[in-house]
Amino acid sequence: MSHQANNIYAGTQVVSLVEVRGTNNSLVHPRGAVGVVTRTPTGDQTRFLVRFPDGFEAPLAREQLDVLKHFKDRLPGREAAAAEFDLESLVIYRCVMGSRAYGLDTDESDEDRRGIYLAPADLQWSLFGAPEQFEDNATQSCYWELQKFLTMALKANPNILECLYSPMVEKATALGEELLAMRDRFLSQMIFQTFNGYAMSQFKKIEQDIRNHGEVRWKHAMHLLRLLLTGAAALREGRVPVRIGPLRERLLAVKRGETPWSEVDAWRKELHKDFEKALAETKLPERPDYEAANRFLVKARRAQAS
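Going by the numbering used here, 217 is the number at position 204 of the sequence shown; the sequence numbering is gapless.
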């Protein structure tokens, strides 16, 4: 993972140079507490989200923390639990997602990366625990710890399932390849609830924008339609077709605001009906294969501990 200008990126072990306080200004951790950066600043944000051994997370400014490996007065007895690790060496799978993977990118599009890392055994077993997720906004990347990823995949999380079917894989270890080979085990009729739920959530936000501001966020409208299209296709085909294909130009016209909202809404209603039809006809099981996912996780944990 590339370093930011300030040399702090997601996964960096840091030391707090100030007292960490919670609600009512109560002291949660003393100065010198060791934590890990789980999210870096984005846009006009200036604070890093730091996770401490007890799971407490606090936003800290750059001047309020230091990189652990540069910090000379380390706390006794904490090195084993907070020893720095190289996140990239733990990544078992990484892919490009977002508009580039969907085939909906333009010259201005960012390149979003998503991936999975397998936490080392000593971090899993320690009081510090393994962060479930790393977000590096500077590099537009996000990594989930394997167990968290599998749990979300079993719940048919759209973002997670799409990761498993990305046409733009950048890295896959032997373990990553094994996961890809069993990706169909995560598909089930639950796709209807989750993809439909995400789409309806976007629709409600759009309606609220129209009521409050008299305008439509066209990018959100496009992704609403894309979710409905992808969900229905997944129920029919037994796979998650990430790339849009023939409907690219029609969706981009929506994104550019060239299609009247009345037409977009009419298309949305058609897609909802088609999604319901796909559910009625699907051959996917009602639930995913929990046993297969559990066996894979146990195997991965044992391999990491050996």
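Glycine included, each C-beta is placed from N, C-alpha and C at the ideal position.
Tell me which same chain residues have a C-beta within less than 8 Å of the C-beta of residue i, skipping the five on either side of it?
| i | result |
| --- | --- |
| Trp231 | Val267, Lys268, Arg269, Gly270 |
| Gln215 | His233, Ala234, His236, Leu237, Leu240 |
| Ala316 | Leu188 |
Helix, strand or coil, according to DSSP, for residue i in the structure here?
| i | result |
| --- | --- |
| Tyr115 | helix |
| Pro254 | coil |
| Ser275 | helix |
| Val63 | strand |
| Leu88 | Note on Leu88: pLDDT 38, under 50, position unreliable in the model; no value is reported. |
| Met195 | coil |
| Pro54 | coil |
| Met110 | strand |
| Glu204 | The amino acid occupying residue 204 in the given sequence is Ile; Glu does not appear at that position. Reduced to three states, the DSSP call for Ile204 is helix. |
| Ser102 | helix |
| Lys184 | strand |
| Tyr381 | This structure leaves residue 381 out entirely; the chain is present only between 14 and 319. |
Out of the options, state which residue places its alpha-carbon closest to the alpha-carbon of residue i.
| i | options | result |
| --- | --- | --- |
| Gly189 | Phe309, Gly48, Ser139, Gly45 | Phe309 |
| Glu70 | Arg126, Thr55, Asp79, His42 | His42 |
| Leu40 | Ala46, Ala245, Glu32 | Glu32 |
| Ile105 | Pro72, Lys290, Leu159, Cys155 | Leu159 |
| Gly142 | Val47, Glu228, Thr119 | Val47 |
| Lys296 | Lys218, Arg261, Leu260, Arg198 | Arg198 |
| Ser275 | Arg196, Val229, Glu294 | Val229 |
| Asp57 | Asn150, Gly116, Pro133 | Asn150 |
Enumerate in chain order the residues of its own chain whose CB-to-CB distance from residue i is below 6 Å, with the five nearest sequence positions on each side excluded.
| i | result |
| --- | --- |
| Ala247 | Ile204, Val253 |
| Arg52 | Leu62, Glu148 |
| Gly111 | Asp125 |
| Phe162 | Ile129 |
| Gly24 | Leu100, Phe147 |
| Tyr156 | Gly128, Tyr130, Phe147 |
Pull up the CB-CB distance for residue i and residue j, whole angstroms please, since I reckon it's below 8 Å.
| i | j | result |
| --- | --- | --- |
| Leu200 | Gly251 | 6 Å |
| Leu78 | Leu30 | 6 Å |
| Met165 | Val109 | The Cβ separation is near 19 Å, so there is no contact. |
Between which residues of its own chain and residue i is the CB-CB distance below 7 Å, once the five residues before and five after are set aside?
| i | result |
| --- | --- |
| Leu240 | Pro171, Phe208, Tyr211, Ala212 |
| Tyr303 | Leu167 |
| His285 | Leu241 |
| Asp118 | Ser112 |
With 16 other CB atoms within 10 Å as the buried threshold, where does residue i fall?
| i | result |
| --- | --- |
| Gly128 | buried |
| Arg178 | In the sequence as displayed, the identity of residue 178 is Tyr instead of Arg. The residue in question, Tyr178, is buried, as its Cβ has 16 or more Cβ neighbours within 10 Å. |
| Arg300 | exposed |
| His226 | exposed |
| Ala114 | buried |
| Gln26 | buried |
| Ile223 | exposed |
| Ala187 | exposed |
| Ser154 | buried |
| Pro89 | Annotation note: pLDDT 42 at Pro89 (below 50); position unreliable, coordinate value reported separately. By the neighbour-count rule (16 or more Cβ atoms within 10 Å), Pro89 is not buried but exposed. |
Are the C-beta of residue i and some C-beta of chain C separated by less than 8 Å?
| i | result |
| --- | --- |
| Lys290 | Absent from the structure is chain C; it holds one protein chain and no more. |
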